[in-house]
Amino acid sequence: MTSSYLFENIQILENAGSSLKRETVLIKNGVLKAFGRKALQNAELLGIKPQKAKNMLIAPCLVDPHSFLESPFNGKEENIYSLIEKATFSGYGQLGILPRSDSWRDQIESIIALKTIKSDVLIHLWGGFSLGGEGVALSKHSELLQNGAIGLSDDDFMPPIELLKKGFSLGEMKNYPVLFAPRDKTLQAGGMSRESVYTLRAGWPPDPVESEIIPLIQLLELHKQYPEIAVRLMNISTADGVSILKNASSNPMATILWWHLVNDNSSLSPFDIGWSVTPSLGSPRDRASLIQGLKDDVLTAISVHSTPIDDSETKLPANKRKKGISCYNLVLPLLWDQLIRKSGWEVEKLWKKISFGPSKFLNQAEEKLSLNSNRWLLFDPDKEWYQSNEEKHLTSATNQPIKDKKIIGKVIDCGLINQACQND
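Here it is, written out as structure tokens:
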């Protein structure tokens with residue numbers, strides 16, 4: 108990465124309130140220095156020559172509202188330092204980390220340990236709503252929030268409604284967000300793919316829509332009783348779920364897993380690693396409804412929901428291994444292809460869902476382009492490349508889909524990369 112550029116007539120998106128424009132921009136040593144005529148003047152003094160902008164885009168960093176990091180200091184498939192590097196090479200400047208861990212983040216010590224990490228990538232830690240994520244006893248909510256947790260969450264299924272009601276009635280979370288996945292493991296009953304003709308053809312056990320709908324209705328009803336609680340919904344995945352949210356009297360913010368926007372259970376081979384995700388992959392109807400729900404602002408933000416696992420786990424049969432995929436570097440290229448090329452979205456709308464909306468979801472300041480700042484990414488929508496474990500910025504997590512296939516679109520640089528590489 109050279110990290111010093113002069114681009115004339117490049118696409119620029121400055122912030123949440125701005126429109127896409129073409130302008131001259133100067134970046135020196137990873138820092139945004141000037142726009143317009145001043146950029147040209149300063150570049151001439153510094154001896155930085157212009158490069159062809161083509162269709163490239165300079166924009167604010169991306170934000171991931173929630174992903175997993177289970178062994179932050181000793182993980183062989185991912186640790187906090189490799190995660191930061193991986194995220195910055197993919198243009199991410201903020202990461203929400205869920206509490207599931209080998210040292211479950213339901214204690215002050217586990218929050219404080221990660222808060223000591225120095226990084227320009229902002230790490231937001233969700234504290235555990237229940238002790239050990241077991242859904243039996245409440246953690247000490249006020250202590251977690253006072254010591255660095257940005258909100259409260261649990262695992263990727265809904266805790267018992269009685270425990271939620273108890274936590275809500277205590278009200279120790281105040282204005283902090285509380286995040287829950289509307290998923291009932293019992294109703295899912297080991298289902299691998301949302302119930303449809305495509306699931307039957309692939310030979311996977313079906314996951315009935317009720318495994319999402321019933322807990323979703325319960326959460327919405329509980330939110331009506333406690334409207335002051337900042338409820339967040341994790342990874343809505345069905346057309347019925349979108350419909351229920353659209354017609355709900357309460358309007359909690361909700362995320363969607365990025366993979367559900369670019370694939371469905373009609374488009375994967377039976378051996379594709381992308382089958383094994385939580386929540387279960389849906390039908391083409393589900394995918395179309397999710398895209399429309401995002402466009403209509405029924406859904407707030409797109410999550411990466413990264414779940415890194417190592418090779419020994421990845422080689423297990425799909426119905427035996429831990430569910431999830433890990434691939435920050437694919438998110439923007441594949442969403443650009445699906446939402447901008449194929450669905451006709453504007454860049455501003457996409458950034459609302461992968462940067463500005465996720466910031467609001469986390470109750471954090473929105474990313475923006477600012478002079479003398481390194482918080483920017485450079486994206487080339489026409490760059491062709493191949494997904495491979497050999498790339499420097501990818502970790503030893505092997506549950507990455509679309510291997511050795513041509514991808515169009517790539518994050519070329521990000522102002523946070525140099526700082527992240529210094530942590531290696």
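Position in the sequence shown (first residue = 1) + 107 = our numbering. For every residue, glycine included, the Cβ atom is placed at its ideal position computed from N, Cα and C. Treat the numbers as computed from the prediction; the structure is a model and nothing was measured.
If we count the other Cβ atoms within 10 Å of its Cβ and call it buried at 16 or more, is residue i buried or exposed?
{"i": "LYS272", "result": "exposed"}
{"i": "THR362", "result": "buried"}
{"i": "SER296", "result": "Note that residue 296 is Ala in the sequence shown here, rather than Ser. That one is exposed."}
{"i": "SER276", "result": "exposed"}
{"i": "ILE268", "result": "exposed"}
{"i": "LYS193", "result": "buried"}
{"i": "ARG290", "result": "buried"}
{"i": "ALA346", "result": "buried"}
{"i": "GLU184", "result": "buried"}
{"i": "TYR199", "result": "buried"}
Output the distance between the C-alpha atoms of residue i and residue j, rounded to the nearest integer angstrom.
{"i": "ILE380", "j": "PRO508", "result": "6 Å"}
{"i": "ILE514", "j": "GLN253", "result": "43 Å"}
{"i": "LEU368", "j": "LYS430", "result": "18 Å"}
{"i": "SER390", "j": "GLY143", "result": "47 Å"}
{"i": "ILE447", "j": "PHE196", "result": "22 Å"}
{"i": "LEU152", "j": "LEU113", "result": "12 Å"}
{"i": "THR407", "j": "VAL138", "result": "30 Å"}
{"i": "LYS449", "j": "ILE432", "result": "24 Å"}
{"i": "TRP366", "j": "ALA160", "result": "29 Å"}
{"i": "LYS422", "j": "ILE416", "result": "10 Å"}
{"i": "LEU375", "j": "LYS222", "result": "39 Å"}
{"i": "PRO172", "j": "ILE204", "result": "8 Å"}
{"i": "ASP371", "j": "LEU238", "result": "35 Å"}
{"i": "GLU455", "j": "LEU484", "result": "15 Å"}
{"i": "GLY348", "j": "GLU319", "result": "7 Å"}
{"i": "ALA123", "j": "GLY400", "result": "20 Å"}
First and last residue of the alpha helix (DSSP H) that includes residue i?
{"i": "ILE191", "result": "187-196"}
{"i": "PRO322", "result": "317-332"}
{"i": "ILE219", "result": "215-222"}
{"i": "THR306", "result": "304-309"}
{"i": "ASP209", "result": "Segment: none, ASP209 is in no alpha helix (DSSP H) and carries neither H nor E."}
{"i": "SER110", "result": "That residue, SER110, is in no alpha helix (DSSP H); it is neither H nor E in DSSP."}
{"i": "THR293", "result": "292-295"}
Would you give the residue range spanned by the beta strand (DSSP E) that residue i belongs to?
{"i": "VAL338", "result": "337-340"}
{"i": "LEU229", "result": "229-235"}
{"i": "LEU202", "result": "199-204"}
{"i": "SER410", "result": "408-410"}
Leaving aside the five residues before and after residue i along the sequence, list all residues of the same chain whose C-beta is less than 7 Å from its C-beta, in chain order.
{"i": "ASN342", "result": "ALA288, THR362, ILE363, LEU364, PRO386, SER410, HIS412"}
{"i": "ASN149", "result": "LEU133, LYS140, ALA141"}
{"i": "ALA337", "result": "ASN282, TYR283, PRO284, VAL285"}
{"i": "TRP492", "result": "ILE514, LYS517"}
Please go through the same chain and pick out, in chain order, the residues whose beta-carbon is closer than 6 Å to the beta-carbon of residue i, but skip the five residues on each side of it.
{"i": "ASP262", "result": "ARG207, GLY240"}
{"i": "SER178", "result": "ASP209"}
{"i": "LEU164", "result": "GLN118, PHE486"}
{"i": "GLU279", "result": "HIS248, SER249"}
{"i": "GLY464", "result": "THR407, ALA408"}
Would a check of beta-carbon distances place residue i closer than 7 Å to chain B?
{"i": "GLY200", "result": "The structure shown contains no chain B, having only a single protein chain."}
Residues in the same chain with beta-carbon distance under 8 Å from residue i, minus the five sequence neighbours each way, listed in chain order, please.
{"i": "ASP444", "result": "VAL369, ILE515, GLY516"}
{"i": "LEU442", "result": "TRP365, LEU368, VAL369, ILE409, LEU457, ILE461"}
{"i": "ALA395", "result": "ALA346"}
Runs of alpha helix (DSSP H) wholly within the stretch 118-171 (minimum 4 residues, chain order): 143-153
Curious, which full-length alpha helix (DSSP H) runs of at least 4 residues does the stretch 248-283 contain? 248-253, 268-277
Entirely enclosed beta strand (DSSP E) segments - the stretch 437-512, minimum 3 residues: 484-493
In chain order, which continuous runs of the alpha helix (DSSP H) of length 4 or greater are located wholly inside the stretch 334-397? 346-353, 366-369
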